[in-house]
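Residue numbers (my numbering): 24 to 492. Beta carbons: idealized from backbone N, C-alpha and C, even for Gly. These figures come from a predicted structure and were not determined experimentally.
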Ligand SMILES: Nc1nc2c(ncn2[C@@H]2O[C@H](COP(=O)(O)OP(=O)(O)O)[C@@H](O)[C@H]2O)c(=O)[nH]1
Ligand SMILES: [Mg+2]
């Protein structure tokens with residue numbers, strides 16, 4: 024797990040540098056502000072980079088769907104909704120979540136296929152939709168076509184709202200731009216089945232057309248070329264008598280390639296596509312319900328962390344612990360673990376909670392979080408307007424701070440657990456370590472730390488506060 028050490032070191036260096044720069048803030052002014060932000064940003068970027076890699080690996084399931092998987096996904100969503108109802112009977116999101124659930128549950132019996140037509144503005148979406156109304160469906164399923172709103176309107180670079188779609192036809196009239204390519208990839212990442220449609224063939228000379236088609240085929244497996252509404256062309260005919268006859272002709276629309284392609288996909292993949300869509304919708308519903316549930320729980324958890332944070336501060340202030348490892352253990356109260364566990368339905372016995380608290384303390388120590396935060400807090404205390412800081416203040420504020428980080432990390436860890444998993448499965452130390460680092464990183468911004476130290480000083484030394492203000 025200590026492959027994880029690198030990002031925290033980077034963050035740590037960033038923090039020390041930031042504090043050092045912050046020290047000179049008054050003399051260097053804006054320049055140092057810039058310095059602080061870039062150094063912190065660098066640390067966070069490296070960290071986020073690593074996090075993203077982790078997330079993707081966990082979330083994408085590329086194995087083919089089946090009915091069992093769909094039922095499982097729907098059941099999970101239902102469990103989370105029921106849990107929300109148990110914990111917050113009157114939650115305003117409940118009626119809509121339940122309605123969505125009923126809808127998704129019915130999707131298991133759906134026969135028809137939904138196809139979305141998407142793409143930038145004026146690429147020919149509406150024209151294609153109209154042309155497809157004459158499409159002769161020779162498949163075993165009814166097919167609905169629907170146009171999405173245009174992509175790439177100013178200020179909006181998001182993927183189309185096409186969660187309902189079993190298949191997305193992505194229309195373009197030229198080679199893919201970078202932003203089109205990004206959206207294409209976003210859809211693939213969500214397991215959305217896509218076909219790239221190269222429209223307006225008639226606008227290109229044959230050589231140019233071949234080049235673009237080739238380039239598209241390099242990027243994407245499923246490409247078809249069409250002309251949904253070719254331009255009028257002038258036809259010239261040399262007559263025997265030497266005159267030239269000219270007239271205008273409107274070539275017929277040509278979407279035959281796309282038509283055949285769609286027949287094939289609907290027949291071969293229809294059932295799987297419906298399953299995939301239903302799983303996607305169930306997962307989204309589960310996330311929505313979980314987000315609401317997490318908010319409910321966080322509201323209950325925050326005051327508890329605050330309570331234990333100031334308990335730790337007072338106890339350590341009265342009886343300063345000199346060694347770092349003692350500080351780490353003093354900070355995490357087993358009772359805090361029990362109470363947070365209760366909120367997140369992760370039941371711990373007091374004994375188990377003691378083990379968790381001990382483990383977290385030693386993790387914080389190993390990861391260097393205790394040392395980093397005491398140093399940072401010491402620097403901030405020295406530069407505090409308060410001239411006299413009583414002995415024990417450093418330890419008190421540090422203990423409070425570490426309690427906070429530990430509590431927030433537990434919350435975040437519990438939040439990422441599935442609903443209704445037994446605490447008996449044991450803690451995933453690797454994941455808990457990652458969470459600790461992440462939360463620590465988020466709370467190590469100079470401004471946050473500064474206001475926390477101020478709060479701590481106000482709590483521990485009320486008379487010093489009066490002097491300072
Ligand atoms: N030359 C040519 N023009 C087309 C073709 N398909 C659509 N168009 C034209 O492109 C313009 C935009 O089409 P529309 O369907 O409204 O695009 P949307 O904004 O994507 O819905 C219209 O003037 C269409 O007639 C085609 O294959 N060739
Ligand atoms: Mg349109």
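First through last residue of the alpha helix (DSSP H) which encompasses residue i
| i | result |
| --- | --- |
| residue 232 | 229-242 |
| residue 149 | 148-155 |
| residue 471 | 469-483 |
| residue 394 | 392-405 |
| residue 91 | 90-110 |
| residue 462 | 452-466 |
| residue 430 | 416-439 |
| residue 379 | 373-389 |
| residue 364 | 357-366 |
| residue 201 | 201-212 |
| residue 120 | 117-129 |
Whole-number beta carbon distance between residue j and residue i, since they are thought to touch under 8 Å
| i | j | result |
| --- | --- | --- |
| residue 434 | residue 420 | Contact doesn't hold; Cβ gap of about 21 Å is too wide. |
| residue 315 | residue 366 | About 15 Å; that fails the 8 Å criterion. |
| residue 355 | residue 426 | 6 Å |
| residue 319 | residue 111 | 5 Å |
| residue 218 | residue 247 | 7 Å |
| residue 476 | residue 428 | Wrong, their Cβ atoms sit about 14 Å apart, outside the cutoff. |
| residue 88 | residue 295 | 6 Å |
| residue 139 | residue 188 | 4 Å |
| residue 202 | residue 180 | 6 Å |
| residue 249 | residue 280 | 6 Å |
Residue interval of the beta strand (DSSP E) (run including residue i)
| i | result |
| --- | --- |
| residue 193 | 190-195 |
| residue 344 | First-last for residue 344: undefined, no H or E at that position. |
| residue 221 | 217-221 |
Top-ranked residue by Cα proximity to residue i, from the options
| i | options | result |
| --- | --- | --- |
| residue 159 | 286, 331, 358, 328 | 286 |
| residue 423 | 482, 451, 465 | 482 |
| residue 95 | 245, 299, 169, 182 | 299 |
| residue 197 | 437, 462, 218, 231 | 231 |
| residue 364 | 124, 344, 334, 431 | 431 |
| residue 464 | 418, 392, 436 | 392 |
| residue 131 | 174, 349, 357, 301 | 301 |
| residue 15 | 402, 480, 439, 485 | Lying before the first or after the last residue shown, residue 15 is absent from the chain, which here runs from 24 to 492. |
| residue 98 | 440, 383, 340, 309 | 309 |
| residue 349 | 204, 264, 328, 383 | 383 |
| residue 327 | 362, 203, 312 | 362 |
Separation of residue j from residue i, as counted between CA atoms
| i | j | result |
| --- | --- | --- |
| residue 121 | residue 128 | 10 Å |
| residue 284 | residue 221 | 13 Å |
| residue 278 | residue 252 | 9 Å |
| residue 108 | residue 216 | 34 Å |
| residue 389 | residue 416 | 24 Å |
| residue 359 | residue 351 | 14 Å |
| residue 79 | residue 137 | Low per-residue confidence applies at residue 79: pLDDT is 43, beneath 50, and the placement is therefore not dependable enough to give any value. |
| residue 346 | residue 126 | 59 Å |
| residue 342 | residue 405 | 21 Å |
| residue 379 | residue 450 | 8 Å |
| residue 270 | residue 262 | 13 Å |
| residue 75 | residue 377 | With a pLDDT of only 45 at residue 75, under 50, the local geometry of the prediction cannot be trusted, and no value is derived from it. |
| residue 386 | residue 456 | 7 Å |
| residue 332 | residue 106 | 29 Å |
| residue 63 | residue 199 | Annotation note: pLDDT 42 at residue 63 (below 50); position unreliable, no value reported. |
| residue 116 | residue 276 | 47 Å |
| residue 35 | residue 353 | With a pLDDT of 45 at residue 35, under the threshold of 50, the predicted position of this residue should be treated as unreliable, and no value is reported. |
| residue 85 | residue 371 | 35 Å |
| residue 152 | residue 305 | 28 Å |
| residue 147 | residue 207 | 18 Å |
| residue 238 | residue 185 | 26 Å |
| residue 472 | residue 394 | 15 Å |
| residue 293 | residue 194 | 21 Å |
| residue 143 | residue 172 | 9 Å |
| residue 260 | residue 233 | 28 Å |
| residue 369 | residue 437 | 8 Å |
| residue 175 | residue 167 | 24 Å |
| residue 267 | residue 258 | 10 Å |
| residue 163 | residue 90 | 19 Å |
| residue 92 | residue 337 | 52 Å |
| residue 340 | residue 484 | 10 Å |
| residue 375 | residue 104 | 29 Å |
For residue i, the residue or residues it bridges with in DSSP
| i | result |
| --- | --- |
| residue 137 | 167 |
| residue 260 | 268 |
| residue 247 | 220 |
| residue 142 | 194 |
| residue 277 | 250 |
Chain B contact for residue i (CB, 9 Å cutoff)
| i | result |
| --- | --- |
| residue 386 | Note that chain B does not occur in the displayed structure, where there is just one protein chain. |
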